[in-house]
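Respectively, the protein sequence lines represent chains A, B, C and D. The opening position of the first sequence corresponds to residue 1188 in my numbering, with each subsequent residue numbered one higher. The opening position of the second sequence corresponds to residue 1188 in my numbering, with each subsequent residue numbered one higher. The opening position of the third sequence corresponds to residue 1188 in my numbering, with each subsequent residue numbered one higher. The opening position of the fourth sequence corresponds to residue 1188 in my numbering, with each subsequent residue numbered one higher. Contents: one structure, followed by commentary.
Protein chains: 4
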Amino acid sequence: MAHVTNQQADSILDKEYKCLNAGFVRLIDYMGGDESIVQAARVSYGKGTKSVNEDRGLIRYLMRHLHTTPFEMVELKFHVKLPIFVARQWIRHRTANVNEYSGRYSVMKDEFYIPEHEAIHFQSLQNKQGRRTEDVPAELRQRVLEVLTNTQQQLYTEYEQLLEEDIARELARVNLPLSLYTEWYWKIDLHNLFHFLRLRIDPHAQYEIRIYAEAMAEITKTVCPLAWEAFEDYMLKSERFSRLELNIISGFLPSETLTKEYLESKGLKGREADEFLEKLSHLKKSSSQGEGSR
Amino acid sequence: MAHVTNQQADSILDKEYKCLNAGFVRLIDYMGGDESIVQAARVSYGKGTKSVNEDRGLIRYLMRHLHTTPFEMVELKFHVKLPIFVARQWIRHRTANVNEYSGRYSVMKDEFYIPEHEAIHFQSLQNKQGRRTEDVPAELRQRVLEVLTNTQQQLYTEYEQLLEEDIARELARVNLPLSLYTEWYWKIDLHNLFHFLRLRIDPHAQYEIRIYAEAMAEITKTVCPLAWEAFEDYMLKSERFSRLELNIISGFLPSETLTKEYLESKGLKGREADEFLEKLSHLKKSSSQGEGSR
Amino acid sequence: MAHVTNQQADSILDKEYKCLNAGFVRLIDYMGGDESIVQAARVSYGKGTKSVNEDRGLIRYLMRHLHTTPFEMVELKFHVKLPIFVARQWIRHRTANVNEYSGRYSVMKDEFYIPEHEAIHFQSLQNKQGRRTEDVPAELRQRVLEVLTNTQQQLYTEYEQLLEEDIARELARVNLPLSLYTEWYWKIDLHNLFHFLRLRIDPHAQYEIRIYAEAMAEITKTVCPLAWEAFEDYMLKSERFSRLELNIISGFLPSETLTKEYLESKGLKGREADEFLEKLSHLKKSSSQGEGSR
Amino acid sequence: MAHVTNQQADSILDKEYKCLNAGFVRLIDYMGGDESIVQAARVSYGKGTKSVNEDRGLIRYLMRHLHTTPFEMVELKFHVKLPIFVARQWIRHRTANVNEYSGRYSVMKDEFYIPEHEAIHFQSLQNKQGRRTEDVPAELRQRVLEVLTNTQQQLYTEYEQLLEEDIARELARVNLPLSLYTEWYWKIDLHNLFHFLRLRIDPHAQYEIRIYAEAMAEITKTVCPLAWEAFEDYMLKSERFSRLELNIISGFLPSETLTKEYLESKGLKGREADEFLEKLSHLKKSSSQGEGSR
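Below is the structure:
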């Protein structure tokens, strides 16, 4: 046996996926792929996996039933260049390995995040953490950009002057802004990467980190196309309904129409159709007992 | 300020919740409660939490939106006595702290798992990992129990004989069975405990570990009643629907009926009603584009 | 049984330990103490702990032999106010729980790190990451402080102006500097806290994070005085010697002088003296085989 | 750029390293090697690494100074077959990914740990957890082996009978012994693997897990020869001395003899000699203040 690799993935190794004005994501190395998810699952379930006899079906089964450990057997390593305020959100995901460029050891480079015109938004009214869709007038956008870029240049000049005076690097940098770019190597297993992507592709995530998550989604899809498809179908494009929401929904779902034949005609095959019918029958039962509120 | 505690929780400290024939779970200590979830969230969101001005609402909001870090601020410590085969499933949850009784240092005690009559089941036919609901004949049950208990006694006698010959404890124990009881201290934060409970209360979990999960659910509910309620409503009794399932469901949900007034009449209040309507409008949009299968 | 607490520790709950010009550390809550380390160890080792019959001796034994799990049974929760560049070093410790103040939800406050005169240093010459001990002239110090504080005020004014224009908070903040103060709740178990303190009390750690580590050391000592003493003796004030260094050292250690009586006269008691003699006999053996270099 | 691999390591992919009577370790896949440790460190330290201009020196510097994150950039995946009592010690290392053969899904195989004659020992007298070196009489060894193997066959027969009666697999297995073999895939990064090996190669670890640790040490050395050498010199064959031990030792180390020239003649080169002298000067200082006991 040899390393599990795939040509598609090998062809994007080291390729820069541009993000924001000066950042990027690059896939540096990876270990495993769809094949190694299947390999690990077959060790776990032994003969128990015979009935699911093709790889795609097995991977989808694992994803659907939250059997997450086989996905941990794939590892991806990225090189990322990103603004510090994005890095601060990113690093909250603790199940990864990181080596970041250090402003104690080295001189930070003169590169700052400058938003594109379309990324400049008003504060959202309903949403404490978001941006409003309403357009910011071109003239105000221009002014914002000027303030940002002028100040960035000034801050870097002050930084350079402190270094010239031979002030310790670790101190000279303290007034550098959160818009400054940093770099890191970031390594994570596929299960935890999916978790990261789910949270960071979400419309509630800040625009600037979403850009990175989307680039990494492209890369991940290339490394593990089957796992990615399962992730999309059962996680990314799925929806969770609460107890109360289920009570409401279930009233509108006619058991007599929702037969196995009907489901299959709509694309839900064999085992998945059974699982859906089982879910529905639970709903009916619990909603007939459930109170409307509490 | 002082420790965040609650009387109800203090009154069950150290109480034995019996599990299986000779096991138990005891709450040994805990740190924090509903109050400290709120406290941590208010630091995170600062003035941003003003609009959610009561604790219950805030906790439910956090749970609904997967803002999990405030739940990590509560910690529970359990003393558990459990059969080794249950311990082997349990320990797979890596985000906890454990101190287990050691068969290298100490002599294992003469206590084994013996199933109750009703816990003896046939192998499930559809489910590779489960038990069949069909009844096992009383006579066969009796035989199973006899085999198990006789062998357990024999194994313990052999163990004792090896110890009498002064064979090293770490070696003398190797033929002790998975049904032997062990003990441990197990400490975990509330977020990770919820994750553990969600997987182990599930009907697909093995019966014997479910018994422990249910006892711990009781305890958790006492320590953090509001967080528990939110966990039940948005996680435990929620249901996830895949992309394809959503395509099917959305066809049956009449936008004209599902108004905010209707939802409120069914118990979905203010913000939650809005969020539900937003989810529905996404569904409609994506299902009108979505293909039935792929 | 009740919560394991101690009066000394309770008396410092919530007390502000000032750090730098505007930061602090406060102990918000804790679970357990020396007593619960012992309690957990006695479950692990069962009767095996009988021979170590007093708490202090047992705790020291555990620390010396890297039996770290009982130390994980104690948990401490801190409230910390700290500059962002310190927070960025701190967060690299992944085995903790964090809730940080969010600049997306809330307006950042007008507080910045301003070094004391004595904390302004030249770049170290030998050490890539450090500060030089040589004094910075008073006049240069003054200039550094002026640059820092003037710029901080300017940056905050620009931030306020962007907020007044109703630019989204998450965008308005991107030019705020690393010297800005943030706040968080930070919860960690004692074993991992010791690891954090060992790295951050070290003279190679940046001065500004060391100040926090020292405040937390004070607090930790109050919560678990016996564990702290063991940590100091066997970790903080211990020293590791490499294979080659041991080869050199062992040539100078006279076996005939280093008897158990001698060691006891110097304060190394019973078991510890035996362990030391065993270490020495290993050294002698391996150094007589060991080559000088490779 | 392409995957970081090495021929030596590729040549042992999939090779069985036999362990105990029926177990093994196999390297299934790996990501990175010495080269990727260096690559990650150079990102972290930027120009700061220029002074350490060759790979071996840099890797040794990182190991010596506990800069552990670059070692996390290498990942190894093993397939292991091991007795359950060994698996129970092994799984306590939480920073790894595991897929284990499941006795709920599949029928366990008829393979049990049978110790070699030389592995049968008496209980250690001083050491609560160990074996005594004194020989067990051949006749007693024979008897122990007979008891173990006879009982193992009986237990497997009973297991098969329960399966024939169609009792659920998850229940039928509960009397199977800890000596039964299981299998898993186990994936870990190099830093955490070193930590595992340090604890499990140690003479205090149980003999049976040590055998596995030694096989994995061979494999690791092949994947990362330079990192392994540094690990041996600075960790595995290093020794830690406590505060009190240092007080004693330092009295015997003559400053006048221990010059840089002397150290270099003994193989401690440049930077390392300086670091050693710095350690010594600390010792002298603190021991002249230090009390003998407390």
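Just so you know, even glycine gets a beta-carbon here, dropped at the ideal spot from N, CA and C.
Subject >> Buried or exposed by the 16-neighbour rule on C-beta atoms within 10 Å, applied to C:SER1468 >> reply: Walking along the third sequence from the start, residue 1468 of chain C turns up at place 281. Flag for C:SER1468 reads exposed.
**OP:** Just confirm the distance between the C-beta atoms of C:ILE1246 and C:LEU1455, as a whole number of angstroms; I'd bet it's less than 8 Å.
**Re:** Along the third sequence, read from residue 1 onward, the residue named residue 1246 of chain C stands at position 59. Along the third sequence, read from residue 1 onward, the residue named residue 1455 of chain C stands at position 268. No, C:ILE1246 and C:LEU1455 are not in contact; Cβ-Cβ is about 17 Å, not under 8 Å.
Subject >> Whole-angstrom distance between B:ASN1193 and D:GLY1317, CA atom to CA atom >> reply: Within the fourth sequence, numbered from 1, the residue matching residue 1317 of chain D stands at position 130. Within the second sequence, numbered from 1, the residue matching residue 1193 of chain B stands at position 6. About 45 Å.
Subject >> Touch test, the segment 1432-1439 of chain C against the segment 1219-1235 of chain C, Cβ-Cβ under 8 Å, three pairs minimum >> reply: A contact is defined here as three or more CB-CB pairs under 8 Å, and the segment 1432-1439 of chain C fails this definition with respect to the segment 1219-1235 of chain C.
**OP:** Put C:LEU1245 into one of helix, strand or coil per three-state DSSP.
**Re:** Sequence index remark: in the third sequence, residue 1245 of chain C carries index 58 (1-based). Here C:LEU1245 carries a helix assignment [DSSP, helix/strand/coil].
Original post:
When the Cα of D:GLU1448 is compared with those of D:PHE1463, D:PHE1439, D:ALA1274, which residue comes out closest?
Top reply: Sequence index remark: in the fourth sequence, residue 1448 of chain D carries index 261 (1-based). The shortest Cα separation from D:GLU1448 among D:PHE1463, D:PHE1439, D:ALA1274 belongs to D:PHE1463.
Original post:
Which bits of chain C does B:GLU1187 rub up against, with CB to CB less than 9 Å?
Top reply: Outside the modelled stretch of chain B, which goes from 1188 to 1481, sits residue 1187 of chain B, for which no answer is possible.
Subject >> Through-space distance from D:GLU1451 to C:GLY1479, alpha-carbon basis >> reply: Translated into positions along the third sequence, residue 1479 of chain C becomes position 292. Translated into positions along the fourth sequence, residue 1451 of chain D becomes position 264. Low local confidence applies: a pLDDT of 40 at C:GLY1479 is under 50, so the model's placement there is unreliable, with the coordinate-based value given in what follows. Roughly 10 Å separates the two Cα atoms.
Subject >> 8 Å CB neighbourhood of B:ILE1215 in its chain, flanking five on each side removed >> reply: For the purposes of this step, residue 1215 of chain B is taken as the residue at position 28 of the second sequence. Counting only Cβ-Cβ distances below 8 Å, and skipping sequence neighbours, we find LEU1200, ASP1201, LYS1264, PHE1265, HIS1266, TYR1372.
Original post:
Taking only beta-carbon atoms, is A:GLU1478 less than 8 Å away from chain D?
Top reply: One-based indexing of the first sequence puts residue 1478 of chain A at position 291. Residue placement at A:GLU1478 is flagged as unreliable, the pLDDT there being 46, under the threshold of 50; the coordinate-derived value follows with that caveat. Judged by the 8 Å Cβ criterion, A:GLU1478 is not in contact with chain D.
**OP:** Would you please state the rounded distance, in angstroms, between the beta carbons of C:LEU1350 and C:VAL1294? I believe it to be under 8 Å.
**Re:** Indexing the third sequence from 1 puts residue 1350 of chain C at position 163. Indexing the third sequence from 1 puts residue 1294 of chain C at position 107. Contact holds; Cβ gap of about 7 Å.
**OP:** Quick one: list the residues of chain D neighbouring B:PHE1383, beta-carbon separation under 9 Å, in chain order.
**Re:** Start at 1 with the first residue of the second sequence, and residue 1383 of chain B comes out as number 196. Neighbours of B:PHE1383 across chain D, judged by C-beta separation under 9 Å, do not exist; the nearest C-beta is about 14 Å away.
Original post:
In terms of DSSP beta bridges, what is C:LYS1264 paired with?
Top reply: Position 77 of the third sequence, counted from the start, is the residue given in the question as residue 1264 of chain C. Residue pairing by DSSP places C:LYS1264 opposite C:ASP1216, C:LYS1374 in a beta bridge.
Original post:
How many angstroms separate the CA atom of D:GLN1340 from the CA atom of B:LEU1342?
Top reply: The residue given as residue 1340 of chain D occupies position 153 in the fourth sequence. The residue given as residue 1342 of chain B occupies position 155 in the second sequence. Approximately 13 Å, taken between the alpha carbons.
Subject >> Proximity below 8 Å, CB of D:LEU1384 to CB of D:ALA1404 >> reply: Taking the fourth sequence and counting its residues from 1, the one referred to as residue 1384 of chain D is at position 197. Taking the fourth sequence and counting its residues from 1, the one referred to as residue 1404 of chain D is at position 217. Between D:LEU1384 and D:ALA1404, the C-beta spacing is below 8 Å.
Subject >> Chain-ordered chain C contacts of D:ASN1434 [CB-CB under 8 Å] >> reply: In the fourth sequence, the residue the question calls residue 1434 of chain D occupies position 247. Using a Cβ-Cβ cut-off of 8 Å, D:ASN1434 is close to LYS1453, GLY1454 of chain C, given in chain order.
Subject >> Start and end residues, beta strand (DSSP E) containing B:LYS1205 >> reply: As a first step, residue 1205 of chain B is located in the second sequence; it is residue number 18 there, counting from the start. Residues 1204-1206.
**OP:** Note down, in chain order, all residues in the segment 1243-1257 of chain A with a beta-carbon under 8 Å from any beta-carbon belonging to chain D.
**Re:** Hits within the stretch, in order: THR1256, PRO1257.
Original post:
With a Cβ-Cβ cutoff of 8 Å, do C:ARG1427 and D:ARG1330 count as a contact?
Top reply: As a first step, residue 1427 of chain C must be located in the third sequence, where it is residue number 240. As a first step, residue 1330 of chain D must be located in the fourth sequence, where it is residue number 143. The answer is no: Cβ separation not under 8 Å.
Original post:
Could you give the C-beta distance for A:GLY1210 and A:LEU1269, rounded to a whole number, given that I count them as a contact under 8 Å?
Top reply: As a position in the first sequence, residue 1210 of chain A is number 23, starting the count at 1. As a position in the first sequence, residue 1269 of chain A is number 82, starting the count at 1. Rounded, the Cβ-Cβ distance is 5 Å, consistent with contact.
**OP:** Give the secondary structure of B:ARG1385 by DSSP, where H, G and I count as helix, E and B as strand, and everything else as coil.
**Re:** Along the second sequence, one-based indexing puts residue 1385 of chain B at 198. Here B:ARG1385 carries a helix assignment [DSSP, helix/strand/coil].
Original post:
How many angstroms separate the CA atom of C:ARG1387 from the CA atom of C:GLU1370?
Top reply: Residue numbering aside, residue 1387 of chain C sits at position 200 when the third sequence is read from its first letter. Residue numbering aside, residue 1370 of chain C sits at position 183 when the third sequence is read from its first letter. Taking the straight line joining both Cα atoms gives about 19 Å.
Original post:
Quick one: Cα of A:ILE1278 to Cα of A:VAL1285, how far?
Top reply: Mapped onto the first sequence, residue 1278 of chain A falls at position 91. Mapped onto the first sequence, residue 1285 of chain A falls at position 98. Distance between the alpha carbons of A:ILE1278 and A:VAL1285 is about 9 Å.
Subject >> Where D:GLN1329 falls: helix, strand or coil (DSSP) >> reply: Within the fourth sequence, the letter at position 142 stands for residue 1329 of chain D. Here D:GLN1329 sits in helix by DSSP.
**OP:** Go to A:GLU1401, then tell me how far its alpha helix (DSSP H) extends in each direction, as first and last residue.
**Re:** Residue mapping note: residue 1401 of chain A aligns to position 214 of the first sequence, counting from 1. Counting along the chain, the alpha helix (DSSP H) containing A:GLU1401 begins and ends at 1394-1410.
Original post:
Can a CB atom of chain C be found closer than 8 Å to the CB of A:LEU1467?
Top reply: Against the first sequence, residue 1467 of chain A aligns to sequence position 280. A:LEU1467 does not count as touching chain C.
**OP:** Name, going along the chain, the residues of the segment 1349-1381 of chain C whose beta-carbon falls closer than 7 Å to a beta-carbon of chain A.
**Re:** Of all residues in the segment 1349-1381 of chain C, LEU1349, GLU1352, ASP1353, ILE1354, ALA1355, ARG1356, GLU1357, LEU1358, ARG1360, VAL1361, ASN1362, LEU1363, PRO1364, LEU1365, SER1366 have a Cβ within less than 7 Å of some Cβ in chain A.
Original post:
Below 8 Å between beta carbons: does that hold for C:LEU1363 and A:LEU1312?
Top reply: Residue numbering aside, residue 1363 of chain C sits at position 176 when the third sequence is read from its first letter. Residue numbering aside, residue 1312 of chain A sits at position 125 when the first sequence is read from its first letter. For C:LEU1363 and A:LEU1312, no; Cβs fall outside 8 Å.
Original post:
Buried or exposed: which applies to B:GLY1290, given that a residue is buried once 16 or more other Cβ atoms fall within 10 Å of its Cβ?
Top reply: Taking the second sequence and counting its residues from 1, the one referred to as residue 1290 of chain B is at position 103. When all chains shown are included, B:GLY1290 counts as buried.
Original post:
Distance, Cα to Cα, C:ASP1297 vs C:VAL1230?
Top reply: Counted from its first residue, the third sequence places residue 1297 of chain C at position 110. Counted from its first residue, the third sequence places residue 1230 of chain C at position 43. Cα to Cα, the separation comes out at about 51 Å.
**OP:** Mind checking which residues open and close the beta strand (DSSP E) that includes C:GLU1426?
**Re:** Within the third sequence, the letter at position 239 stands for residue 1426 of chain C. For C:GLU1426, the enclosing beta strand (DSSP E) begins and ends at 1426-1428.
**OP:** Throw me the rounded Cβ distance for the D:TYR1217 and D:GLU1262 pair, which I believe falls under 8 Å.
**Re:** Here residue 1217 of chain D refers to the residue found at position 30 when the fourth sequence is read from its first residue. Here residue 1262 of chain D refers to the residue found at position 75 when the fourth sequence is read from its first residue. With a contact defined as Cβ atoms closer than 8 Å, D:TYR1217 and D:GLU1262 qualify at about 7 Å.
Subject >> Other residues of its chain near A:HIS1254: CB distance less than 6 Å, five sequence neighbours each side excluded >> reply: On the first sequence, position 67 is the one that residue 1254 of chain A refers to. Hits under 6 Å: none found.
Original post:
What are the boundary residues of the alpha helix (DSSP H) that C:GLU1451 is part of?
Top reply: Indexing the third sequence from 1 puts residue 1451 of chain C at position 264. It spans 1447-1452 - the alpha helix (DSSP H) in which C:GLU1451 sits, taken as one unbroken run.
**OP:** Starting from A:VAL1285, follow its DSSP beta bridges and name the residues at the other end.
**Re:** Along the first sequence, one-based indexing puts residue 1285 of chain A at 98. Per DSSP, the beta-bridge partners of A:VAL1285 are A:TRP1373.
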